[in-house]
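First the structure, in the form of structure tokens, and then the observations on it.
What follows is the structure in structure tokens.
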């Protein structure tokens, strides 16, 4: 066996695991910190704040008596409050013996209902806040496209011989008026499919006609993690020049070939920074949400398109960025709930769900495409973790909130024995789901 040949594979594996751990621990820390800080504010004392499970690698007590620790197994975390028997907030009966009223008030089980409910809800809420904050930051960092639409930089293409220049303000393309970015995006189906198109631009205060490239070339701008293109070795910046020997110019030609393939392998000719690379890939089935909430099956290779140039951008205000960020989080939540419902009803494939292997692969794939993409993934993962924890399953935060609603309705918490039974059932459900998700990762990647 050639051990040197394994080094790149080991490097990719180590990078994937490192990215996964960073993303997961970031999300977990924010989630548990939400529980911790709201508990402390509401008068509930935290005894342990742990990142990870198992043997403790490092620990330190703070001035409030909380033990902060890092444990050996980094796939999770917890806050154990005073009076808890475990990380799942079960009641430690022995710990309550002999407690004064003041000491009882400091426990999770002896605090007022409002304090307990707020502390439980804070974990998912902080996950959503993290996601919104990240999306705000990314939006402000990227900026908004300046109007009139102005060329800021060109993306390398196989044929770069055209008259369009940086700083040109685009007014028309092939007779189609360009008023803003949305008008540019609506062009795709109206343009003649040819390498060179006529442009009307403003340059140095003069309106002139120049030639420029096709606006939507079959170029890889982004790779969907675990998609067919990513698995086959396509890279960001690649331009697909032919499919099964037939030349293509437009991204729509690539899209049509993939969607009509019915999963048949496609032979791609790829231009990569001046070199020609041959790649064969097999499109994957994708169940995608529609406007009416249903799902429709497509064949995809997992690449995203973009213009042949970078448009000039300008500063985005905080209010505009916040509106976009909250809309983004809301969209992730609604699409996720719709997907879970359709998986449960058998409308779409269970491959819609990703387990730990799928999430780890996605972490590595996003990190490999740049810091922006990795940070975006952290926001997406934070939203997903917040949503998952709100599911009404005992052990999860959502299950505890259901218990609190019950207590508010009937005036007393559930019987301790019933509580323990329900928590055991919840644990079995979660473990069963984890086993299913892990098996799903293996089956869907086969």
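Residue numbers (this note's numbering): 852 to 1297.
A virtual CB, placed ideally from N, CA and C, is assigned to each residue, including glycine.
- Closest by C-alpha distance to residue 1112, out of 1084, 1152, 1101, is 1152.
- Within the stretch 1106–1135, complete beta strand (DSSP E) segments of at least 3 residues are found at 1117–1123, 1126–1132, given in chain order.
- With 16 or more other Cβ atoms from the protein chains shown falling within 10 Å of its own Cβ, residue 957 counts as buried.
- Assignment of beta strand (DSSP E) within the stretch 1040–1066, counting only whole runs of 3 or more residues, yields 1047–1054, 1057–1064 in chain order.
- At least 7 Å separates the beta-carbon of residue 878 from that of residue 1180.
- Boundaries of the alpha helix (DSSP H) around residue 975: 964–993.
- The straight-line gap separating the alpha-carbon atoms of residue 981 and residue 887 is approximately 16 Å.
- Residue 992 counts as exposed, since fewer than 16 other beta carbons sit within 10 angstroms of its beta carbon.
- Inclusion of residue 1229 and residue 874 in the CB contact set at 7 Å is warranted, their separation being smaller than that value.
- According to the DSSP assignment, residue 1171 belongs to the alpha helix (DSSP H) that extends over 1169–1195.
- The beta-carbon separation of residue 1218 and residue 870, rounded to 4 Å, stays under the 8 Å limit for a contact.
- Taking C-beta separations shorter than 6 Å and ignoring five residues to either side along the sequence, residue 1284 has no partners in its chain.
- Assignment of beta-bridge partners to residue 1154 by DSSP yields 1074.
- Under the criterion of beta carbons closer than 8 Å, residue 894 and residue 966 qualify as touching, at roughly 6 Å.
- Classified as buried, residue 1135 has 16 or more neighbouring CB atoms from the shown chains inside 10 Å of its CB.
- In its chain, beyond the 5 residues on either side, 1240 have a beta carbon closer than 6 Å to the beta carbon of residue 1247.
- For residue 945, the secondary structure class from DSSP, reduced to helix, strand or coil, is helix.
- Residues of the same chain with their beta carbon placed closer than 7 Å to that of residue 1188 are lacking, with the five preceding and five following residues left out of the count.
- In the three-state reduction of the DSSP assignment, residue 1263 falls in the coil class.
- For residue 1288, DSSP records no beta bridge to any residue.
- By the criterion of a C-beta distance shorter than 8 Å, residue 915 is surrounded in its chain by 891, 896, 897, once the five residues flanking it on both sides are discounted.
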